[in-house]
Amino acid sequence: MTLRISRPAALTSLALAMAAGHAHAESISAPADTIVVTATRTPQPLANVISDTITIGPEQIAESGAGSIVDLLQRQRGIEIARNGGAGTASSVYIRGANSNQNIVLVDGVRIGSSTTGAANWSAIPLTAIDHIEIVYGPLSSLYGADAIGGVIQIFTKKGAGAPAVTAFAGYGSDKTREADATLSGATGGEHSFNYAISAGKEKSDGFSATRPGASGYNADRDGYDKENVSGQFGLQIAPGYEAGALFLHSKLESQYDNGASSYDVRSKAELETAAVYGKARFLPNVDTLLQYAESQDKGQNWSSAAATGYSRIDTKQTDITLQNDVRIGDDVLQVLYDHRKEEVSTNGSDALNRDRTTNAWAASYNARRGASLLNASIRRDKSVYGSKNTGSIGYGYDITPQLRATASYGSSFRAPTYNELYYPGYGNPANKPEQGKNAEIGMRWDDGVNALSASYYHNALTNLLVSTTPCPYTGDKTSCVYNVNKALLEGVTIAAATKVAGVNLAANLDLQDPKDDTTGKRLQRRAKKHGNVTADYHIGALKTGVELEFSGDRFDDNANKNRLGGYGLVNLYATYAFNQDWSALVRWNNIGDKQYDLARFYATPGSKVFAGIRYGYK
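Residue 14 is where the sequence shown starts when you use the numbering used here, and the numbers rise one by one after that.
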């Protein structure tokens with residue numbers, strides 16, 4: 014079946030979403046006082062954000078029973094995933110059809126990712142260290158620079174506040190999956206309050222075979238993983254309006270994968286490190302200044318065979334210096350930003366990759382509210398070895414009623430060529446240019462404290478798409494190469510709804526999209542035309558029970574659209590029980606039908622899995 018998202022159909026879907034039935038119930042949308050940072054780089058109520066934004070709170074994460082952050086993100090609207098096996102293997106996250114390297118990932122404001130692949134190492138991000146997550150959909154290059162084509166995902170680790178608090182969790186599940194974490198947090202209070210949070214966690218699993226019969230490297234052995242992490246945040250109120258702080262995260266992942274029937278322990282080791290120091294100052298009553306120095310490192314080692322050539326190492330380091338000034342003009346905010354970013358790559362392979370590059374950027378944005386109208390606009394100029402890029406965006410929201418808001422926005426974005434695309438021997442081309450995107454979007458949102466409904470239509474046109482091809486068409490000395498040739502269109506409608514009926518909390522989301530390569534007419538690799546989620550949960554005193562349905566249409570594992578991956582539907586069950594204020598238990602049963610499905614061709618996915626745990630905590 015061919016699904017084409019036409020503009021009339023998209024507008025009809027918006028109208029249908031806003032006309033969806035509703036019931037009398039308490040509000041189950043995000044709390045009205047929810048504060049988000051990512052959409053504008055400054056704290057503001059979620060209710061005042063124009064960009065399509067969602068938050069995943071601590072309670073959702075605690076109840077998820079997810080084996081990884083990738084599993085958690087898969088249940089969110091607008092997001093698809095691909096993975097080469099279990100929770101410890103290589104993973105990709107697609108936002109609104111955008112590739113994994115066309116999205117930005119931040120940890121506490123620190124950008125992470127590999128400069129050689131352009132994507133974050135999702136498997137190395139520890140779920141146990143996360144407090145909450147913000148996801149902003151759509152292009153944000155005018156705020157964050159290169160690669161923010163599909164959206165930005167910001168991960169926040171745990172932060173201290175109030176009286177000293179301890180939380181801890183321990184769990185066990187299928188495949189001998191073990192998990193434990195603990196956090197100590199709090200704040201001293203007073204004129205010079207010092208807040209602190211220190212967390213540590215460990216996950217280990219025997220796993221299952223990463224591949225299935227038919228894969229070139231198939232091996233029937235189990236491919237497990239071992240992940241451990243430690244993180245911390247510290248802040249000191251020097252004086253009213255003045256604050257200094259530091260934060261860090263270290264995560265180490267050792268995982269196994271398949272590379273043939275040999276008894277050799279084929280494995281990889283990844284380390285993710287972030288660190289930052291910052292100072293905040295209010296030099297004038299209406300001006301807040303932030304100065305931050307941050308580093309992130311993405312280190313990878315691989316042992317594919319016992320031979321000396323079977324070992325490889327690639328380390329990426331990013332250094333950022335950010336100076337941000339927020340000027341309040343009445344209720345409006347003018348933001349002026351300078352950002353300096355340096356990327357360094359070190360590898361035991363080709364010296365062509367052992368180099369660095371810097372990007373310097375200036376940006377400005379303005380956020381205003383006038384009665385029922387919301388307005389934001391931003392511009393940015395990035396200058397690097399691939400040239401200078403100008404990006405901008407403008408968004409408008411109008412409160413038709415206190416419950417109903419209409420939004421419209423337009424923004425440009427770009428993705429910088431990776432080190433592999435520029436310099437990899439026999440493949441890269443230093444003349445490659447950045448990919449470019451132009452996105453137009455309209456949306457409607459309803460929230461009456463009883464029901465929450467939203468719908469968005471987006472049209473994101475990409476040009477200068479970097480494509481890998483074999484043989485190389487423009488030179489005879491390369492077997493394959495990557496170059497700017499294609500155009501792509503990411504177009505779709507996202508619909509979400511939440512309500513409460515007869516005591517049951519209900520929520521659902523549906524994505525209808527048409528992510529395709531406009532040059533070839535083919536659908537983009539591993540992206541479905543429709544996917545979504547349905548959840549329902551019910552409280553009975555201290556017991557909370559829930560059911561989730563995840564579903565996706567078919568996808569193709571290759572750009573030529575020859576290798577089809579079938580659609581699938583998964584059903585998950587979970588229950589939590591609070592023994593008292595401090596102690597609670599979680600039981601989760603994922604994929605209760607033991608459905609076999611594919612996220613990548615010939616790679617295995619989790620079957621029916623059970624996980625249970627005990628949580629302790631007080632605040």
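Quick reminder that beta carbons are idealized off the backbone N, C-alpha and C, glycines included.
Worksheet item: Which class does Lys-608 belong to by DSSP, given the choice of helix, strand or coil?
Response: Here residue 608 refers to the residue found at position 595 of the sequence shown. Lys-608 falls in the coil class under three-state DSSP.
Fill in: Beta-carbon separation (whole angstroms), Leu-335 vs Leu-303, contact threshold 8 Å
For this step, residue 335 is matched to residue 322 along the sequence shown. For this step, residue 303 is matched to residue 290 along the sequence shown. Residue 335 is actually Thr in this sequence, not Leu. Sure, about 7 Å apart at Cβ, within 8 Å.
Worksheet item: Can you tell me whether DSSP reads Ile-74 as helix, strand or coil?
Response: Working through the sequence shown from its first residue, we reach residue 74 at position 61. Three-state DSSP puts Ile-74 in a helix.
Worksheet item: Alpha carbon to alpha carbon, what distance is there between Ala-465 and Glu-39?
Response: Here the question's residue 39 lines up with position 26 in the sequence shown. Here the question's residue 465 lines up with position 452 in the sequence shown. The predicted model places Glu-39 with a pLDDT of 34, which falls under 50 and marks its position as unreliable; any figure quoted below should be read in that light. One C-alpha to the other measures close to 11 Å.
Practice prompt. Taking 8 Å as the cut-off, decide whether the C-beta atoms of Gly-98 and Thr-224 are in contact.
Written response: Sequence index remark: in the sequence shown, residue 98 carries index 85 (1-based). Sequence index remark: in the sequence shown, residue 224 carries index 211 (1-based). Closer than 8 Å, so yes.
Discussion item. DSSP has Lys-543 in a bridge; who is on the other side?
Written reply: Position 530 of the sequence shown, counted from the first residue, corresponds to residue 543. Looking at the DSSP assignment, Lys-543 forms a beta bridge with Leu-525.
Discussion item. So, for Ala-283: in the same chain, excluding its five sequence neighbours on each side, which residues have a beta-carbon less than 6 Å away from its beta-carbon?
Written reply: Residue 283 sits at position 270 when you count from the first residue of the sequence shown. Within the same chain, Ala-283 has close Cβ partners Asn-134, Ala-137, Leu-266 and Gly-313.
Worksheet item: Of the choices Asp-311, Glu-241 and Gly-410, whose alpha-carbon is the least far from that of Ser-81?
Response: Within the sequence shown, residue 81 is the residue found at index 68, counting from 1. Among Asp-311, Glu-241 and Gly-410, the Cα nearest to that of Ser-81 belongs to Glu-241.
Discussion item. How far does the beta strand (DSSP E) with Ser-155 in it extend, from its first residue to its last?
Written reply: In the sequence shown, residue 155 corresponds to position 142, counting from 1. It is not in any beta strand (DSSP E) - Ser-155 instead sits in the alpha helix (DSSP H) that spans 154 to 157.
Discussion item. Can you check which of these residues, Ser-222, Ile-94, His-145 and Gly-175, is closest to Tyr-278 by C-alpha distance?
Written reply: Position 265 of the sequence shown, counted from the start, is the residue given in the question as residue 278. In the sequence as displayed, the identity of residue 278 is Asp instead of Tyr. Minimum Cα distance to Asp-278 is reached at Ser-222.
Worksheet item: By how many angstroms is the C-alpha of Gly-462 removed from the C-alpha of Ala-453?
Response: As a position in the sequence shown, residue 453 is number 440, starting the count at 1. As a position in the sequence shown, residue 462 is number 449, starting the count at 1. The straight-line gap from Cα to Cα measures roughly 29 Å.
Worksheet item: In this structure, does DSSP put Ile-627 in helix, strand or coil?
Response: Sequence index remark: in the sequence shown, residue 627 carries index 614 (1-based). Strand at Ile-627.
Discussion item. Can you determine whether any heavy atom of the ligand MN sits closer than 7 Å to the C-beta of Glu-448, and answer yes or no?
Written reply: In terms of ligand content, the structure shown is empty, and the ligand MN therefore cannot be addressed.
Worksheet item: By a C-beta neighbour count over all protein chains shown, 10 Å radius and 16 as the cutoff for buried, is Ser-85 buried or exposed?
Response: For the purposes of this step, residue 85 is identified with residue 72 of the sequence shown, where counting begins at 1. The question names Ser, yet the displayed sequence has Leu at residue 85. Counting Cβ neighbours within 10 Å, Leu-85 comes out buried, since at least 16 surround it.
Discussion item. Using a Cβ-Cβ cutoff of less than 6 Å, which residues in the same chain neighbour Gly-410 once the five nearest sequence positions on both sides are dropped?
Written reply: Translated into positions along the sequence shown, residue 410 becomes position 397. Counting only Cβ-Cβ distances below 6 Å, and skipping sequence neighbours, we find Ile-63, Leu-387, Arg-418 and Thr-420.
Discussion item. Runs of 3 residues minimum, wholly inside the stretch 365 to 404: which ones carry the beta strand (DSSP E) assignment?
Written reply: 369 to 383 and 386 to 397
Fill in: Cβ pair Gly-450, Ser-425 closer than 8 Å
Within the sequence shown, residue 450 is the residue found at index 437, counting from 1. Within the sequence shown, residue 425 is the residue found at index 412, counting from 1. Yes, the pair counts as a contact, with Cβ atoms nearer than the cut-off.
Worksheet entry | Straight-line gap, Arg-534 to Lys-500 (C-alpha atoms, nearest Å) | As a first step, residue 534 must be located in the sequence shown, where it is residue number 521. As a first step, residue 500 must be located in the sequence shown, where it is residue number 487. Per the sequence presented here, residue 534 reads as Gly, with Arg not at that position. Rounded to whole angstroms, Gly-534 to Lys-500 spans 10 Å at the Cα level.
Worksheet item: Helix, strand or coil: which one does DSSP assign to Leu-266?
Response: Sequence index remark: in the sequence shown, residue 266 carries index 253 (1-based). Reduced to three states, the DSSP call for Leu-266 is strand.
Item to complete: Taking Gly-78 as the reference, give the member of Cys-494, Gly-566, Leu-285 and Ala-588 with the closest Cα.
Response: Position 65 of the sequence shown holds residue 78. The option with the nearest alpha carbon to Gly-78 is Ala-588.
Worksheet entry | Residues near Val-9 in its chain [Cβ-Cβ closer than 6 Å; skip 5 each side] | A question about residue 9 goes unanswered here, because the residues of the chain that appear run from 14 up to 632.
Worksheet entry | Those runs of the alpha helix (DSSP H) which lie wholly inside the stretch 423 to 480 and span at least 4 residues | 432 to 436
Item to complete: Using DSSP bridges, identify the partner residues of Met-277.
Response: Residue 277 sits at position 264 when you count from the first residue of the sequence shown. It is Tyr, not Met, that sits at residue 277 in the sequence shown. According to DSSP, which records beta bridges pairwise, Tyr-277 is partnered with nothing at all.
Worksheet entry | For Asp-352: DSSP bridge partner residues | By one-based count along the sequence shown, residue 352 stands at place 339. Paired residue(s): Thr-335 and Ala-374.
Worksheet entry | Local conformation of Asn-97 per DSSP, three classes | Position 84 of the sequence shown, counted from the first residue, corresponds to residue 97. Looking at Asn-97 - three-state DSSP - the assignment turns out to be coil, as it is neither helix nor strand.
Practice prompt. Identify the continuous alpha helix (DSSP H) that holds Asp-46 and give its terminal residues.
Written response: Stepping through the sequence shown from its first residue, residue 46 is reached at position 33. Here Asp-46 belongs to no alpha helix (DSSP H), and DSSP marks it neither H nor E.
Worksheet item: Which residues in the same chain as Tyr-185 place their Cβ atom closer than 6 Å to its Cβ, once the five residues preceding and following it in sequence are excluded?
Response: Within the sequence shown, residue 185 is the residue found at index 172, counting from 1. Excluding residues within five positions, the ones whose Cβ falls inside 6 Å are Arg-191.
Discussion item. Is the beta carbon of Arg-109 closer than 8 Å to that of Gly-91?
Written reply: As a working mapping, residue 91 is identified with position 78 in the sequence shown. As a working mapping, residue 109 is identified with position 96 in the sequence shown. A contact, by the Cβ cut-off of 8 Å.
Discussion item. Going by C-alpha to C-alpha distance, which of Gly-214, Leu-523 and Ala-174 sits closest to Ala-193?
Written reply: Position 180 of the sequence shown, counted from the first residue, corresponds to residue 193. For Ala-193, the nearest C-alpha among the options comes from Gly-214.
Item to complete: Return the chain-ordered list of same chain residues with a C-beta closer than 6 Å to the C-beta of Ile-41, the five sequence neighbours on each side being excluded.
Response: Within the sequence shown, numbered from 1, the residue matching residue 41 stands at position 28. Caution applies to Ile-41, whose pLDDT of 41 falls short of 50 and renders its modelled position unreliable; the model cannot decide the point.
Worksheet item: Between Ser-218 and Tyr-238, which are expected to be in contact by the criterion C-beta below 8 Å, what is the C-beta distance as a whole number of angstroms?
Response: Numbered from 1 along the sequence shown, position 205 holds the residue referred to as residue 218. Numbered from 1 along the sequence shown, position 225 holds the residue referred to as residue 238. Right, their Cβ atoms sit about 6 Å apart.
Worksheet item: Considering only C-alpha positions, which residue in the set Ser-105, Thr-488, Ala-183 and Asn-546 is nearest to Gly-131?
Response: On the sequence shown, residue 131 is found 118 positions in, with the first residue counted as 1. Closest by alpha carbon: Ser-105.
Worksheet item: Of the residues Arg-628, Asp-234, Gly-554 and Ala-541, which one's Cα is nearest the Cα of Ala-613?
Response: Residue 613 sits at position 600 when you count from the first residue of the sequence shown. The shortest Cα separation from Ala-613 among Arg-628, Asp-234, Gly-554 and Ala-541 belongs to Ala-541.
Worksheet item: CB Ile-413 to CB Ala-468, shorter than 8 Å?
Response: In the sequence shown, the residue the question calls residue 413 occupies position 400. In the sequence shown, the residue the question calls residue 468 occupies position 455. No. Outside cutoff.
Item to complete: Thinking Asp-328 and Ser-359 are a contact (beta carbons under 8 Å), I'd like their distance in whole angstroms, please.
Response: On the sequence shown, residue 328 is found 315 positions in, with the first residue counted as 1. On the sequence shown, residue 359 is found 346 positions in, with the first residue counted as 1. Asp-328 to Ser-359, Cβ: 5 Å. Contact.
Discussion item. At the level of alpha carbons, what is the spacing between Thr-558 and Leu-586?
Written reply: For the purposes of this step, residue 558 is taken as residue 545 along the sequence shown, with counting starting at 1. For the purposes of this step, residue 586 is taken as residue 573 along the sequence shown, with counting starting at 1. Distance between the alpha carbons of Thr-558 and Leu-586: 8 Å.
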